[in-house]
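Novice:
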Amino acid sequence: MQRIRAFAPATVANLGVGFDILGLAVDGLGDFVTVEMSSHPGVEVVEITGDEGKLPRTPEKNTAAIAAQSVLKHLRASTGIRLWLNKGLPLASGLGSSAASAVAAAVATNVLFGETMTREDLLPAVLDAEEAVSGRHADNVAPALLGGIVLITGHTPAEIHRLPIPEGLYLSLVTPDVEVPTAKARAVLPEVIPLKALVHQTGVVAELIHALHVGNIHLLARSMQRDTVVEPARASLIPFLKEAKEVAYRSGALATVISGSGPTLCSLCLTSTDAEAVNLAIAAFYKDENIGATAHATTPSATGASIVEAL
Ligand code: HSE
13 MQRIRAFAPA TVANLGVGFD ILGLAVDGLG DFVTVEMSSH PGVEVVEITG DEGKLPRTPE
73 KNTAAIAAQS VLKHLRASTG IRLWLNKGLP LASGLGSSAA SAVAAAVATN VLFGETMTRE
133 DLLPAVLDAE EAVSGRHADN VAPALLGGIV LITGHTPAEI HRLPIPEGLY LSLVTPDVEV
193 PTAKARAVLP EVIPLKALVH QTGVVAELIH ALHVGNIHLL ARSMQRDTVV EPARASLIPF
253 LKEAKEVAYR SGALATVISG SGPTLCSLCL TSTDAEAVNL AIAAFYKDEN IGATAHATTP
313 SATGASIVEA L
């Protein structure tokens, strides 16, 4: 094959209480990467669209190119690739934008070279890319690569666990128009937490995983909101977080948490109508505060990255 185009989905990391260890892939939103063979070794970034010129074109600094380069290195490829990145996701938005680009690039490059690597084999390549822009955490890259809801207890394939997706779960994702770089949102976190907080947080993560296994969305919502460590530390980075949450609950959200490192707010809902209503209400609230916002009603996606074109 001469040319491969891959899609990788947006992801909601943390799920409130599972900092760096839980993430889910969402349906319909994501980034596209096209790659084709080049006789020159390495990765040439030919074009990036949808980023308003903000992303680095230098391969060593671009997350898609870093992931593709890492795959080429693993394959010991003597030839290189030309790469086109089409951003469907806003940058620094808490939707796993850098992860989606890295995953789409890794998946496309692997297929271009005959798909000798499994999805799990691609994990180190996408983690390298994620580390270069926002720290070495797999709660965006793993669900973008594999799909579904994922528990991450380490960075080897044996430590990445697919969890059940409850039936009838809808999501509202509202992104206020402010950028919160992940590195900045990680810098405000406490380095040490009291034992009491550890006990609470561990218990609530266990409750969340139990809720997924029994398919109890109300219990899932309850546990997601019980983070006492990360969200409080980041609250000041998200404009009007408390007020926006209140608006969400009044409009039918069961839980509203910061998606990843924010500023996107992810609300759990029982119907697509509720998710749309929450979208409208939070976006209208931000508009009244003179902050633009984009909103999507979606569902968790069992499918991770996919090939959309192979010519
Ligand atoms: N777990 C990461 C964080 C996700 O919250 O910093 C970043 O998207």
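When we follow the working numbering, the leftmost residue of the sequence shown carries the number 13, and every step to the right adds one. The beta-carbon is built from N, C-alpha and C at its ideal position, and this holds for glycine as well. All figures in this text were calculated on a predicted structure; none of them were measured in a lab.
Any C-beta of chain B sitting closer than 8 Å to the C-beta of Cys281?
Specialist: Absent from the structure is chain B; it holds one protein chain and no more.
Novice: Between the alpha carbons of Ser82 and Lys299, how many angstroms are there, rounded?
Specialist: Near 42 Å, if we compare the C-alpha coordinates of Lys299 and Ser82.
Novice: So, with DSSP's three-state summary, where would you put Val38?
Specialist: Val38 falls in the strand class under three-state DSSP.
Novice: Throw me the rounded Cβ distance for the Ala186 and Asn291 pair, which I believe falls under 8 Å.
Specialist: Here the sequence assigns Val to residue 186, which means Ala is not the residue at that position. Right, the Cβ-Cβ distance comes to about 6 Å (below 8 Å), so this counts as a contact.
Novice: For Thr268, count neighbouring Cβ atoms within 10 angstroms of its own Cβ and tell me buried if that reaches 16, exposed if not.
Specialist: Thr268 should be labelled buried.
Novice: Count the other C-beta atoms from every protein chain shown that fall within 10 angstroms of the C-beta of Lys99, then say buried if there are 16 or more, exposed otherwise.
Specialist: Buried, by the Cβ-count rule.
Novice: Name the DSSP beta bridge partners of Asn98, please?
Specialist: Looking at the DSSP assignment, Asn98 forms a beta bridge with Phe44, Thr61.
Novice: Quick check on DSSP: helix, strand or coil for Thr276?
Specialist: Coil.
Novice: For Arg72, tell me which candidate among Arg17, Ala144, Gly126, Phe19 has the shortest Cα-Cα distance.
Specialist: Reading off the sequence, residue 72 comes out as Glu, not Arg. Here the closest residue by C-alpha is Ala144.
Novice: Identify every run of the beta strand (DSSP E) within the region 173-214, keeping only runs that are complete inside it and at least 3 residues long; order them along the chain.
Specialist: Runs of the beta strand (DSSP E) inside the region 173-214: 182-188.
Novice: Kindly list the residues whose CB is nearer than 7 Å to the CB of Pro68, restricted to its own chain and excluding five residues on each side of it in sequence; keep chain order.
Specialist: For Pro68, where only same-chain residues beyond five positions count, the Cβ hits under 7 Å are Asn74.
Novice: Under 7 Å Cβ to Cβ from Glu171, same chain only, skipping five residues before and after it: list those, please.
Specialist: Excluding residues within five positions, the ones whose Cβ falls inside 7 Å are Ile164, Thr165.
Novice: Please indicate yes or no: does the CB of Ser146 lie closer than 7 Å to some heavy atom of the ligand HSE?
Specialist: Result yes, Cβ under 7 Å from the ligand HSE.
Novice: Please specify which runs of the beta strand (DSSP E), each continuous and at least 3 residues long, are wholly inside the region 96-177, giving them in chain order.
Specialist: Here the runs fully enclosed are 161-164, 172-175.
Novice: State the Cα-Cα distance for the pair Glu132 and Glu301, rounded to the nearest angstrom.
Specialist: Approximately 44 Å between the Cα atoms of the pair.
Novice: Considering Cα atoms alone, identify which of Ile78, Pro53, Val45 is closest to Gly62.
Specialist: Answer by Cα proximity: Val45.
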